[in-house]
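Now the structure itself:
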């Protein structure tokens with residue numbers, strides 16, 4: 001497939017890309033082991049700064065006799081508490097540092113008008129919950145958009161299409177539809193959409209691919225609980241098709 005990579009951060013635009021944006025935020029938080037502090041779908045948790053232990057001091061006696069020194073057991077407990085404290089304060093500072101990175105990422109990847117919505121909320125958890133409530137799409141909305149994107153992505157127009165871009169767009173649309181378990185990609189439907197597109201460019205290769213899909217579907221229909229063989233999975237078929245086009249100098253189709 002194409003070696004193209006994202007050239008910039010994902011910018012939250014609204015309902016259209018909330019899922020992608022929060023996915024990136026979650027990955028950053030999980031890498032820093034702080035997702036539980038910012039997860040908008042979970043309970044609110046704050047990083048608690050530990051209190052430094054107070055060293056036991058000598059007690060001045062009212063009868064002006066020599067001050068009573070701290071007991072050995074009290075000093076041992078103090079030393080133990082200090083050891084625990086320094087471990088906890090180190091972890092606290094690590095968490096605050098990671099949360100700071102996430103805060104900077106959010107500020108950099110949302111639009112200016114969105115900043116006004118969260119600027120008075122000091123906790124990242126509350127900021128993300130506000131953004132989620134405003135921009136997270138309903139299941140129906142999400143399914144509708146992904147369905148439309150898939151229907152558009154599978155359209156192939158010979159001599160007016162960059163094959164590598166088309167393959168990448170089709171695979172992306174397929175994966176999104178697969179994640180939502182849309183009927184458009186159940187069974188071998190997507191594979192058949194692919195063969196119809198291939199036939200517009202290379203009927204010979206398309207016929208061979210179509211025959212392989214038909215035979216695989218016959219076997220699969222006998223036990224639909226079984227996984228579809230890798231060689232007839234859509235990503236494999238797309239990769240093979242792209243390799244075939246490259247071998248024939250068709251990896252890019254010029255526009256007229």
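In my numbering, the protein residues as written are 1 to 256.
Positions of the beta carbon are idealized from the N, C-alpha and C atoms, including for glycine.
| Asked | Found |
| --- | --- |
| Suppose the cutoff is 8 Å on Cβ atoms and the five residues either side in sequence are ignored; what does the same chain contact list for residue 236 look like? | 230 |
| Around the C-beta of residue 160, are 16 or more other C-beta atoms found within 10 angstroms, so that it is buried, or is it exposed? | exposed |
| Assess, as a yes-or-no matter, whether the segment 176-190 is touched by the segment 211-221 under the definition of 3 or more beta carbon pairs within less than 8 Å. | yes |
| Taking the alpha carbon of residue 171 as the reference point, which residue from 139, 17, 241 and 114 has its own alpha carbon closest? | 241 |
| In its own chain, which residues sit with a C-beta less than 7 Å from the C-beta of residue 55, not counting the 5 before and 5 after it? | 78 |
| Considering only DSSP beta bridges, list what residue 68 is partnered with. | 59 |
| Quick check on residue 157: does DSSP put it in helix, strand or coil? | coil |
| For residue 150, count the other beta carbons within 10 Å of its own beta carbon; 16 or more makes it buried, fewer makes it exposed. Which is it? | buried |
| How many Å lie between residue 218 and residue 22 at the Cα? | 40 Å |
| Pairs of beta-carbons, one from the segment 12-27 and one from the segment 128-140, closer than 8 Å: are there three or more? | yes |
| Taking Cβ to Cβ, would you say residue 110 is nearer than 8 Å to residue 25? | no |
| Out of 207, 238 and 108, state which residue places its alpha-carbon closest to the alpha-carbon of residue 10. | 108 |
| Please report the distance separating the alpha-carbon of residue 169 from that of residue 153. | 6 Å |
| Whose CA, out of 29, 155, 143 and 164, lies closest to the CA of residue 178? | 143 |
| Would you report the Cα separation of residue 260 and residue 44, rounded to the nearest angstrom? | The structure shown does not extend to residue 260, since the chain is modelled only from 1 through 256, so no value can be given for it. |
| Got a sec, what are the start and stop residues for the alpha helix (DSSP H) residue 207 sits in? | 203-221 |
| Verify whether the separation of the beta carbon atoms of residue 53 and residue 81 is less than 8 Å. | yes |
| For residue 32, collect the residues of the same chain with a Cβ closer than 6 Å to its Cβ; drop the 5 residues on either side in sequence, then sort them by chain order. | 98 |
| Name, in chain order, the residues that DSSP records as bridge partners for residue 12. | 110 |
| Report the residue from 202, 173 and 147 whose alpha carbon sits nearest the alpha carbon of residue 183. | 147 |
| How far does the alpha helix (DSSP H) with residue 19 in it reach, from first residue to last? | 18-31 |
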